[in-house]
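Numbering (the numbering used here), first residue to last: 743 to 1131.
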């Protein structure tokens, strides 16, 4: 989305890949299905995942609890599946990365067959080395097996030089800086806008936008549901802030998270979208918003029912832990909205979310307070906010 907004012919300044590392345990977690399914639907060809397939988790060999055909699973998601390859063969890994980078329509999964604790003569391939030190005896045996004679924590200069990415990184950074300088000369306004968004500052006129928003919300005298007040605020905020990237976990019509200026990606893929349909994936949506916030350039917000914050809680906690600028729109905050019964009635949710350190929770009582909550959440750059509506 950022590339579609800012790249121009001959000036692909946003063209990097994102790499992730997955283990057997990661792929057992339900959130892996939510996120990976969506990545396939969205065709995220710049996403490359390494699957460390060693067949071990903390309790032992995974055959007793994890027998998925991971390759077929990801093929069904619409991914480009590469391998299995020898995960200890650097040439095979380099070749697989090149193959993944050449993919233009699908995310890639590189399946790497590995041995956990490789090189340890007595413990390799066992769960004993999963998150635990080798111990002095096995460490010494490993040194002998590998022919490693250097003192502990000593890295020989030749190895350090071979692994160092400083020179290559400096060269790539210099090349990108030169490309961006050319871009600035050709498209000064676009470059200025990109720097503004990545730098997390506000466009000119933001103070006036807030004043107009507050005035318009104060002028509404009729009692209004706070989620409707939220949508009324978004009608002002979305056109004013192109960095707002909204979405909902299949509840747009209930959460009222879309404005007239919202452009949904899957409906208008040729336009610069600012709204995502996440499907029924509360945890996945929240984790994806963390990734978007970490990248910079967007302020992500996503909606679901307040009671379903239970599904998203771990990602919300991570937002707070990582000090990320993510906005959670949690609606139907009332036991009076009850045709779905007690499973959909939030009782303990506001109180429990308030216990998460660094998460701001807003519970506005009218349209004006809703507008204030939105602007405060947008202006906060050191952590997430939850709007209970």
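A virtual CB, placed ideally from N, CA and C, is assigned to each residue, including glycine. For clarity, every value in this text was computed on a predicted model and none was experimentally measured.
(message) By the three-class DSSP mapping on this structure, what secondary structure does residue 853 have?
(response) Residue state, collapsed to three classes: strand.
(request) Give the range of the alpha helix (DSSP H) segment to which residue 836 is assigned. (result) 832-843
(request) For the region 947-1026, list the beta strand (DSSP E) runs that are entirely contained and at least 3 residues long, ordered along the chain. (result) 986-990, 1017-1019
(message) What would DSSP say about residue 869, mapped onto helix, strand or coil?
(response) Look at residue 869 here: in three-state DSSP terms it is helix.
(request) Let me know the secondary structure DSSP gives residue 769 once reduced to three states. (result) helix
(request) With a threshold of 16 other CB atoms inside 10 Å of the CB of residue 778, please say whether the residue is buried or exposed. (result) buried
(message) I'd like to check one pair, residue 802 with residue 1134: are the Cβ atoms closer than 8 Å?
(response) Residue 1134 lies beyond the residue range present for the chain, which begins at 743 and ends at 1131; the question has no answer from this structure.
(request) With DSSP collapsed to three states, give me the class of residue 1076. (result) coil
(message) DSSP three-state label for residue 822, please.
(response) Strand, per DSSP.
(request) Starting from the Cα of residue 997, find the closest Cα among 1131, 767, 794 and give me that residue. (result) Cα-wise, what sits closest to residue 997 is 1131.
(message) Please report the straight-line C-alpha distance between residue 754 and residue 912, rounded to a whole angstrom.
(response) 19 Å
(request) Please report how far the alpha carbon of residue 979 lies from the alpha carbon of residue 1016, in whole angstroms. (result) 12 Å
(message) For residue 964 and residue 935, I'd like the C-alpha separation in whole angstroms.
(response) Distance between residue 964 and residue 935, taken at the CA atoms: about 38 Å.
(request) Whole angstroms is fine: what's the gap from residue 829's alpha carbon to residue 823's? (result) 15 Å
(request) Tell me whether residue 860 sits in a helix, a strand or coil according to DSSP, three-state version. (result) Note: residue 860 maps to coil in three-state DSSP.
(request) Classify residue 1081 as buried or exposed, calling it buried when 16 or more other Cβ atoms lie within 10 Å of its own Cβ. (result) exposed
(request) Report all residues from its chain with a CB closer than 7 Å to the CB of residue 694; omit the five preceding and five following residues, and keep chain order. (result) Residue 694 lies beyond the residue range present for the chain, which begins at 743 and ends at 1131; the question has no answer from this structure.
(message) Restricting to Cα atoms, I'd like to know which of 1003, 860, 1052, 855 is closest to residue 793.
(response) 855
(request) Look at the Cβ atom of residue 993, then the Cβ atom of residue 1033, and state whether they are nearer than 8 Å. (result) no
(request) Using the DSSP secondary-structure output, state which residues sit across from residue 1071 in a beta bridge. (result) 1045, 1129
(request) Report the option in 1123, 839, 1102, 1124 whose CA atom is closest to the CA atom of residue 1115. (result) 1102
(message) Which residues does DSSP list as the beta-bridge partners of residue 762?
(response) DSSP links residue 762 through a beta bridge to 791.
(message) Taking 8 Å as the cut-off, does the region 747-763 touch the region 916-929 (at least 3 CB pairs, one atom from each stretch)?
(response) yes
(message) Give me the residue from 1097, 1059, 865, 1104 with the minimum Cα distance to residue 879.
(response) 865
(message) With a threshold of 8 Å, are at least 3 pairs of Cβ atoms found where one atom belongs to the region 1045-1060 and the other to the region 1086-1097?
(response) yes
(message) Tell me the DSSP secondary structure of residue 1091 in three-state form.
(response) helix
(message) If you reduce the DSSP assignment to three classes, tell me which class residue 1030 lands in.
(response) helix
(request) Measure how close the beta-carbons of residue 853 and residue 811 come, nearest whole angstrom, since I'm counting them as under 8 Å. (result) The pair is not a contact, with the Cβ atoms about 11 Å apart (cut-off 8 Å).
(request) Let me know the secondary structure DSSP gives residue 1065 once reduced to three states. (result) coil
(request) Locate the alpha helix (DSSP H) running through residue 1116, then write down its first and last residues. (result) 1109-1121
(message) Quick check on residue 894: buried or exposed, where buried means 16 or more other Cβ atoms within 10 Å of its Cβ?
(response) exposed
(request) Taking all protein chains shown into account, decide if residue 1009 is buried (16 or more other Cβ within 10 angstroms of its Cβ) or exposed. (result) exposed
(request) Look at the alpha carbon of residue 1057 and the alpha carbon of residue 917, and state the distance between them as a whole number of angstroms. (result) 36 Å
(request) Within 10 angstroms of the Cβ of residue 1069, are there 16 or more other Cβ atoms? Answer buried if so, exposed if not. (result) buried
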